[in-house]
Each structure stands twice: as C-alpha cells, then as structure tokens.
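Undergrad: The structure that follows is given in the form of structure tokens.
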Amino acid sequence: MFKNPLGKKKYIEINVSREELMHDVAFPGKYTCSACSSSLSEGELLVNNWVCPRCSFHFALTAGERIMALCDEDSFEEFNAGLSSSNILGFPGYAEKLVRGEQETGFPEAVVTGVARINGHKIVLGVMESRFMMASMGVVVGEKICQAAERAIIEKCPLLMIAASGGARMQEGMVSLMQMTRTSAVIGELHRQGLLFISLLTNPTTGGVLASFASLADIIIAEPGALIGFAGPRVIQQTIKQQMPERFQRAEFLLEHGMLDMVVERARLKETLGSLLALHAGGK
Amino acid sequence: MIRRQFDFEQKYQDFMSKLDQLKDQAEGMDFDLQKEMVELESRMSGIRAAKYQNLSAWERVLLSRHIDRPGTVDYIDYLCESWIELHGDRLFADDQAIVGAIGMFEGRPLTIIGHRKGRSTRDNVRYNFGMPQPEGYRKVHRLLLQAEKFGRPVITFIDTPGAYPGIGAEERGQAWAISDLLMTLSSLRVPVIAIVIGEGGSGGALALAVGDRLLMLSNAVFSVASPEACASILWKTPDKAEEMAEVLKITAPDLLEQKIIDGIIEEPVGGANQDFETTAKLIKEALKRELDILMQQNIDDLINLRYARIRSLGKHFINETVG
C-alpha cells in the first residue's frame, strides 16, 4: 500500500463504498467484541470507527486505518518508508519476526511517518503499528520518530504521534533502550523551537515508549479503555502479589490521577485534534 | 538450574587456604618443596587473573549484584572531602532508593546522584532494593535544575534492578517521571558524567544514564531488561537467564563495541566487591580526567556535542533499503 518506487505521492485507497459496508451488516458474526462478546459484522464496525456499538470497546486500528480516519482525504504523504531493521545482535529468531511483521502489516517497521493535514492544518504524523512486533521500539522505530520530530521542526508545524507499544524491542538489547534517550532529546529540541506536540495514547502504550517521547507532549490524549503504564500489569502483580484496583492503568484511571489531558472517544477524535490545531494555528 | 552465586572466588579461597596449610606442613619436612609451592601459588594467581579477564555475561550479572559490591554512598564518601545529602521531591515524598548530594570533589562542588541499595534486610526494605518510585526521579529532576542554577557539574551513579513496578508508582506517573529526566538531562547546561557501578536495569537505570560521558565499571552490566525478565518474556522461562545474558550483550566490553558507552573503568582482579579502595581510586582518576576536559569546553559546544552523541546512538545499525 505504501510501496512507492517512483517517488510519487502515495495515498491510501479505500475501495469499498459505504453502502457496501452497510450491506455487510446483513451478515453479522464475523467479529466478536473482546469486551462484551457481542457478535459484530465488519461493516457495522467500519461505519462505527471500529468501536463496538453495544459497549463502546475500541478495537485496534491498523496504521492505515488510523491515517484514513484522521487525515484529510489524500493528504498523507509518507516519508522514510524504506527504513528497515536488521538483526543487529544476531538474536535468535529476530530476523524471522521482522519478516513476519512485514508480511502481516505491509510495513517494514512498526511506525509509519509522514506529512498530513487534519482539518486543513499541516502536521507531521507518526503512527505506530501494533501488529508489527507489538510496535516495540528498536533503533529504526527510534530513528523514524526522531526524524518525524526533526521534520516538524523543518516544516515549522505541529507533531502528532499516535502511540501503541509493548515497550523497548528486547531483541536489539541496549540499543533499543537508548531509543528512549534519543527520542526524548529530539522532543526536547522540538519544545525549544516552540512547536506543538500532541501525543495520542492508544491500547496499549507501555514501557519504554510511554517513558520517553509519548509522555513528553504538550497535550496528551488517550482513547477510552486504553492500557497505559510503565510496568506491565503482570509484572506488577508478580511483584506486589495483591489485587489490582479496578480499571488500573486504563485511560480513565490515568486521567483521574492527572497523567492525561483528556480521554476522547474515537468518533470525536478528528474534531478534537482539529480544534487543538486551530488553537495553535501557525505551528505555535 | 541457573547459578545464583559467583562461586569461583569461594573455590579459589578454599584452595589457597589449603595451600597455606600445606606450606606449614612442608616446613617441618626434611625435603624442600619451596619451589613447587611458589610455582603453584603463582599458577593459581595466574588462573584467577585469567578468570576475571574472561568472565561470562552471567558471572558479571552475579558480580554486579554482589552483596559486598560498593554502592553510590561508598563512592561519594571516598570521592568527597565533605558532602551533604539533600532530600525530597517537594511534591510527595523522599525516595530513599535514590541518594542526592552536594559534595566537594578536588576543591570543586559537584551534585552527585545515584541509586542506593542496602546490604542488610532492614536497609534493603528502606531503600526498596534500589528500585525508585516516581518521587525518586522527581527528586533527581529538582537537584538537576539546582545544579544547573549553580553551574555545578553532575555525577550520576547507576545501580538498580529497575524502576519499581507498583500500584502507587503507576498512579503517580513512573513513565512521566523517567521521560522528564531523559529530556532534561539531554540539554542540562552543566557537564554530566554517568557511571554504571553495578546493575543497570532498564528504564529505571537509563533515567540517570544520560550525559556527556557514560562510563562503566568492568563488571557492571546494563540491560534493556533483566536477563531473567527477557528470558521469561521471549523464551517463556526465567531458567534460561544465563543464556539470555549472553545474547543480550550487556557487559561493558559489549556496550563499548556497540558505541553505547564511552569508556570502561577496569576493576582490579577479584572485582570491586573485594577491592573497594582500588576501584574507588580508579573512579576518582577517571572522574578527574573527564571533568577537566568537560569543564574547559564552552557550554553551548558541550550541549551540542551531547545532543549529537545522543542523536547518533545506534544509528550505525540502520539500513535503508530502497523500496
């Protein structure tokens, strides 16, 4: 979808009409909501932004779907599409995982970056693709995020990062941990330039990604119900051997504890981002 | 089973004490074994030196966690003619897992910050086994800005299994506290030298490991997550931690090769846990040497160099395929 040998602008294509999608409602049962177990059709979910119409559970979106849902039509132009990872430590099984990640997602790495427009406002956008090795951050993911921030500095426009990640990419050892430092340093430079940085945390955003660029934004938004935390719930459970509070590490819990600016449901996301961008028009 | 103890030293000491007994015995004999004894002794000391030259990654993990390994406070005591501990993050609490101080080093005031572990059960509980809560990192943040205000260079000592994974830590924003430090340290307008003295565990260690120089003691380790955790997550069993320690490349020589650290402070044979004085002296010399260089630099140049250094971390590993 993003292959672009000729260097032309690339857009995501949607080749199904709304009518066709609605038609699909007649054949329910393809998907099961993992929160309320409702049987749902693809069409029903597509017209509802992949949110369960019964219980508002937010299904995971692919990077392509995310871009389509948020950006003005045909406005997304990807850059750094060719950056790919290699098995830098010779870690057993890593090369195969990279191949599988690319086969499953169509992307050579776990973040897609580009220039786009939301309600006419130019932004640099980075979207993490959680199907690619849980969007763990290795050196290439780190590099693409750094370059996205640098592109925002060059273009003097806001940066929007849509985070989803299991954390650092352990298969790359310490080099992956160092991506926390790198991305944080570059975001520091973006702030010194007076540019707006918005971070959208989606399910799940944990570990090294949350403890670096994703939590360093001017405005932090989360999707309802998203798991957001430094340590994974299983690790905490093993350490403290106690029952977790209800909705622990969920977006609403973090909002209550003062860690987020807002929790915004998917249907209102574009409108909310558009308003924020309008309030910071001119990149400032 | 994975080895939980670094047992070479014990075996060596046992052998040497038997050798001493033999020597005593040999003295009463009417034949001379002096030459053989000396030979055996020197052979053993050669074997020991060679052993410490060729420790496996897991043996270094065990040494880095050794109960007798000197910690941040030991080094501050050695380095500073005088020092004063400062407490609290001014927001919530004073986290004892991190010690923050101002000390006089070679006639120069420094801000010194490091993880603190205990040697007794009581102290381990008090210092939470060196695992900081968000308020620990926020104390560091406060002390960094203070150092910047007074133009004091900052030294950090890294020695932690990781940031504490607990309910309160999550409620109070562990991730936010850590990322704040990474960003602040990357542009702090005073020289910063970080030294990994023991266990460098994950993001909780990284939060103090950003600066103009990142040095490591030769038996310290620095890992994306503990070998046990990585083995549990990736290989579904913590029993393969020894093997994982090897493939993760977490030792000082590995990290120097990956250009993640800038230098290694070579511990004496037997490790820092057996020879604190020599180790501390080597740290002192390294600090003096690096501080002399950094203090001469113009602060804007220093910040630019630090930024460039951080920006390039791991960059030599990136391929670009034309697609």
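Heads up: the protein sequence lines correspond to chains A and B, in order. When we follow the working numbering, the leftmost residue of the first sequence carries the number 1, and every step to the right adds one. When we follow the working numbering, the leftmost residue of the second sequence carries the number 1001, and every step to the right adds one. Here a beta-carbon is modelled for each residue, glycine too, at the ideal position from N, C-alpha and C.
#1: Name, in chain order, the residues that DSSP records as bridge partners for HIS121(A).
#2: Checking the sheet assignment: what are the DSSP bridge partners for VAL263(A)?
#3: Determine the contact status of CYS55(A) and ALA35(A), defining contact as a CB-CB distance below 9 Å.
#4: Could you pull the start and end residues of the alpha helix (DSSP H) that SER1064(B) belongs to?
#5: On the criterion of 16 or more Cβ atoms from any shown chain inside 10 Å, does PHE76(A) qualify as buried, or is it exposed?
#6: Tell me where the alpha helix (DSSP H) around ASN203(A) begins and ends.
#7: Comparing C-alpha positions only, which one of CYS1230(B), ILE1293(B), LEU1062(B) and ILE1310(B) sits nearest to SER1187(B)?
#8: Might you give, ordered along the chain, the residues of its own chain that have their beta carbon closer than 7 Å to the beta carbon of THR1237(B), omitting 5 neighbours on each side?
#9: Between PHE230(A) and chain B, is the shortest Cβ-Cβ distance under 9 Å, so that the two count as touching?
#10: For the structure I just gave you, are there three or more beta carbon pairs, one from the region 182–195 of chain A and one from the region 1257–1275 of chain B, closer than 8 Å?
#11: In chain order, what residues of the same chain lie with their CB nearer than 8 Å to the CB of GLN147(A), ignoring the 5 residues before and after it?
#12: Exposed or buried, what is HIS1087(B) when buried is set at 16 or more other beta-carbons lying within 10 Å of its beta-carbon?
#13: Round the Cβ separation of VAL1154(B) and ALA1163(B) to the nearest angstrom and send it over; I've been treating them as touching at under 8 Å.
#14: Residues of chain A with CB under 8 Å from GLU1170(B), in chain order?
#15: With C-beta atoms as the reference, is ILE1260(B) less than 9 Å away from VAL139(A)?
#16: Could you list which residues in chain A have their beta carbon closer than 7 Å to that of GLN1258(B), in chain order?
#17: List, in order along the chain, the chain B residues whose C-beta lies closer than 9 Å to that of GLN179(A)?
#18: Would you report the Cα separation of LEU1110(B) and ILE1102(B), rounded to the nearest angstrom?
#19: For TRP1083(B), which residues does DSSP report across the bridge?
#20: For PRO1191(B) and ASP1292(B), I'd like the C-alpha separation in whole angstroms.
#21: Who are the neighbours of SER184(A) on chain B, taking C-beta pairs under 7 Å?
#22: Going straight from the alpha carbon of LEU1185(B) to that of ASP1014(B), what length do you get?
#23: Under 7 Å between beta-carbons, which chain A residues line up against TRP1176(B)? List them in chain order, please.
#24: Do GLU1059(B) and ASP1094(B) come within 9 Å of each other at the CB atom, strictly closer than that value?
#25: By the three-class DSSP mapping on this structure, what secondary structure does ALA1252(B) have?
#26: Can you pull the chain A residues whose beta carbon is under 9 Å from the beta carbon of GLY1166(B), in chain order?
#27: Any beta carbon from chain A within less than 9 Å of SER1218(B)'s own beta carbon?
#28: Suppose the cutoff is 7 Å on Cβ atoms and the five residues either side in sequence are ignored; what does the same chain contact list for PHE1276(B) look like?
#29: Is the beta carbon of ILE1193(B) less than 9 Å from the beta carbon of ASP1212(B)?
#30: Kindly list, in the order they appear in chain A, the residues whose Cβ is closer than 8 Å to that of LEU1208(B).
#31: At 8 Å on the CB atoms, spell out the chain A contacts of TYR1307(B), in chain order.
#32: Where ALA1177(B) and TYR1137(B) are concerned, what is the direct C-alpha to C-alpha distance, given to the nearest angstrom?
#33: Determine whether the Cβ of VAL1190(B) lies closer than 9 Å to any Cβ atom of chain A.
#34: On a CA-only basis, which of GLY1314(B), ALA1252(B), ALA1286(B) and ILE1299(B) is nearest ASN1054(B)? Give me that one, please.
#35: Between which two residues does the beta strand (DSSP E) containing GLU1228(B) stretch?
#36: Against chain A, with Cβ distances strictly below 9 Å, would LYS1236(B) count as a contact?
TA: With the structure as the only source:
#1: ILE118(A)
#2: ALA222(A)
#3: yes
#4: 1057–1064
#5: buried
#6: Looking at the DSSP string, ASN203(A) is not in any alpha helix (DSSP H); the run it does join, the beta strand (DSSP E), is 197–206.
#7: ILE1310(B)
#8: ALA1231
#9: yes
#10: no
#11: PHE79, ASN80 and THR113
#12: exposed
#13: Going by Cβ atoms, the distance from VAL1154(B) to ALA1163(B) rounds to 20 Å, so no, they are not a contact pair.
#14: GLY229, PHE230, ALA231, ILE236, PHE248 and GLN249
#15: no
#16: MET174 and VAL175
#17: LEU1313 and GLY1314
#18: 6 Å
#19: GLY1103(B)
#20: 10 Å
#21: SER1179, LEU1182, MET1183 and SER1186
#22: 47 Å
#23: SER215 and MET259
#24: no
#25: helix
#26: ALA231, ILE236, THR239 and ILE240
#27: no
#28: PRO1070 and ASP1074
#29: yes
#30: By Cβ distance, chain A contributes nothing, its closest Cβ being about 11 Å from LEU1208(B), past 8 Å.
#31: ALA185 and GLU189
#32: 6 Å
#33: no
#34: ALA1252(B)
#35: GLU1228(B) -> not in any beta strand (DSSP E); alpha helix (DSSP H) instead, spanning 1227–1235.
#36: no
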